[in-house]
Amino acid sequence: MLGLLVALTAITPVAAQNVTQGYQSDEPLQNGMIVRLKSDSKVKVEALTTDTQRDMLGVTVANSDAPVSLSDPGQTQVFVATFGRYQVLVNTQNGPIKPGDLITISSIKGVGMKVDADHEVVIGKALESFADNSDAEGYVTLSDTSKTKVALGRIMVDIGVGRNPTYSGDTVSGVPKFLSRAAQAVTDRPVSALRLYACLAVLGVAFAIAGGIIYSGVRTGMTAVGRNPLAKKSIFRNLITVALMATIVAIVGIIAVYLLLRI
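Going left to right, the sequence shown walks through residues 5 to 267 as this note's numbering numbers them.
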């Protein structure tokens, strides 16, 4: 960005998450609104909607909210934080918010709510509670068929855009939910049922081979001890070797499964 200005607002050691970036906007944006980059511009932001949630960028903040702000002195800008603890505008569309709840975008542009399984992306984790009986800044009636009246307010949120771990779209048809979630934790993206079952087959074969090696070694060792009790030390060393071989086979199988999931 031309004419970049680094505005220092506090003389303290600054971490990366305390740097905010200045952007332009074609619409008025309040502090605390969740925004995204406009699809036709890299320097303009707009209020996020449920349809554009995958483009979630961060939350608008005041210039003075962070020790360091990056801006263009020739433009009137809004500042966006992508990490750190900042106030976020939220509502009670999905019920009261408690500390620890993940926050996602609601049906109101730029306004967050408590996460549900239908939303793919979250803006961060709530550090404060908010409910209908809280000190709300206002009330809005939703435009959907429910015509529900929700409270609006601001709470502190630990900002960090990420994937919703409870997102229902991450489950794969024909695959147990726990298995889909486990694969999602490894790959950070949905995995097809075919690949999941292929990984299970590879893992099963690896463990079967490892188990067969151990069984064969133990059986051979017990037979050898019965025939020659004086050879216990040699037999014990052989059993250790067998156990190491089985462990290596199991580890190779786990690595192969990991690579299959990550490809």
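We put the CB at the ideal spot given by N, CA and C, even for glycine.
In this text the structure is predicted, and so the values were computed from the model without any measurement.
Contacts around Ile-109, its chain only, beta-carbon distance under 8 Å, and the 5 residues preceding and following it disregarded: Ile-38, Leu-52, Thr-53, Thr-54, Gln-57, Met-60, Val-115, Gly-116, Met-117, His-123, Val-125 and Ile-127
Kindly list the residues whose CB is nearer than 6 Å to the CB of Arg-199, restricted to its own chain and excluding five residues on each side of it in sequence; keep chain order. none
Out of Gly-225, Gly-62, Leu-33 and Gln-28, which one is the CA nearest neighbour of Leu-47? It should be pointed out that residue 47 corresponds to Val in this sequence rather than to Leu. Per the Cα distances, Gln-28.
How far does the beta strand (DSSP E) with Lys-118 in it extend, from its first residue to its last? 116-118
From the DSSP output, which residues share a beta bridge with Leu-93? Arg-158
Exposed or buried, what is Val-18 when buried is set at 16 or more other beta-carbons lying within 10 Å of its beta-carbon? Residue placement at Val-18 is poorly supported in this model, since its pLDDT is 40, which falls under 50; the coordinates are not used for a value here.
CB contact flag (Gly-36, Arg-158, <8 Å): yes
By DSSP's criteria, Phe-240 is part of a beta bridge. Which residues make up the other side? DSSP, once it has assigned bridges, lists no residue as partnering Phe-240.
Go through its chain and collect everything with a Cβ distance to Ser-220's Cβ below 8 Å, but skip five positions before and after it. Val-246
Suppose you measure from the CA of Ile-252 to the CA of Leu-146; what does that come to, to the nearest Å? 58 Å
Three-way DSSP call (helix, strand, coil) for Met-60 in this model: strand
Whole-angstrom distance between Leu-183 and Leu-270, CA atom to CA atom: Since the first and last residues shown for the chain are 5 and 267, residue 270 lies out of range.
Do Thr-96 and Val-154 have their CB atoms nearer than 8 Å? yes
Is it buried or exposed for Arg-40, if we count other Cβ within 10 angstroms and need 16 for buried? buried
Please report the distance separating the alpha-carbon of Asn-67 from that of Gln-34. 12 Å
Rank Ala-135, Val-119 and Val-222 by C-alpha distance to the C-alpha of Lys-129 and give the top, closest one. Val-119
Could you give the residue range of the beta strand (DSSP E) that holds Val-84? 82-85
If you drop the 5 nearest sequence neighbours on each side, which residues of the same chain put their C-beta closer than 8 Å to that of Phe-83? Thr-24, Gln-25, Gly-26, Tyr-27, Thr-64, Val-65, Ala-66, Asn-67, Asp-69, Ala-70, Ser-73 and Ser-75
With a cut-off of 8 Å on the beta carbons, I'd call Thr-86 and Val-161 a contact; round off their distance for me. Thr-86 to Val-161, Cβ: 12 Å. No contact.
Indicate the three-state DSSP secondary structure (helix, strand or coil) for Gly-216 in the structure shown. helix
So within the region 106-144, which uninterrupted beta strand (DSSP E) runs reach at least 3 residues, ignoring any that extend past its ends? 106-109, 116-118 and 125-130
From Asn-98 to Val-195, what does the alpha carbon distance come to, in whole angstroms? 29 Å
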